[in-house]
Every structure is written in structure tokens, then in C-alpha cells.
Amino acid sequence: MSPALAVPVYVAAIAIPVLLLWCFHIHWSLHLLALAAAVGLGFIPIPPEMQRPGYDLFFGFVFVSLLIWGAGGLIFHRAHPHHEKHA
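Reminder that position 81 of the sequence shown reads as 83 in my numbering, one-by-one numbering, no gaps.
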């Protein structure tokens, strides 16, 4: 696989979750779930019939996206605590 295809795919895998983190504020538990899904996906062995560059690129995109979304949401949740509503 050429780097000309892999680089934009992985840049998008980082940019899309960062943009979503910037625009949306979602409960921290969904970020924890995404992080667990990324770790789970990382431990699943890829079947031999799916070991082709296209599948590797797809699984890499999903793994990196879930990892950035999950970790970034938990980091931003800790860095910017929500303000309590006052009556």
C-alpha cells in the first residue's frame, strides 16, 4: 500500500474525533466505552482471509478513531469540569 493513501486516512482518523470532541460534549461513559472498544479491537486477531492492505487500513482507521475519541473525551472531561447549575 502506498503512503499516499495511508497518510490521509490516518490523518482523518485523528482529525475527525478531534473535531467531534471540539463540537460535541458527550457523557464521559461513552468515551470510556469507545476506549474499551478500541482496546478490544486491538486484541482481536484478524482472520487470514481479511489480511489485505484495504482491511488493515480500515481496521487501523477504526482503531485510531476510537482510541482518540475515547482518550480525548476522558482527558477533556478531566481538564474542563462542568459547572454546576445554580438556582
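Note that the Cβ used here is the ideal one computed from N, Cα and C, for glycine as well.
DSSP, reduced to helix, strand and coil, places isoleucine 48 outside both helices and strands of the structure shown, so it counts as coil.
The shortest CA-to-CA distance from glycine 42 to any of Phe65, Leu21 and Val11 is the one to Phe65.
Contact between glycine 74 and leucine 34 is absent: CB atoms are separated by about 12 angstroms, not below the 8 angstroms threshold. In the displayed model, serine 67 falls within a helix according to three-state DSSP. Using a C-beta cut-off of 8 angstroms, the region 16 to 28 makes contact with the region 51 to 71, since at least three inter-stretch Cβ pairs fall below that distance.
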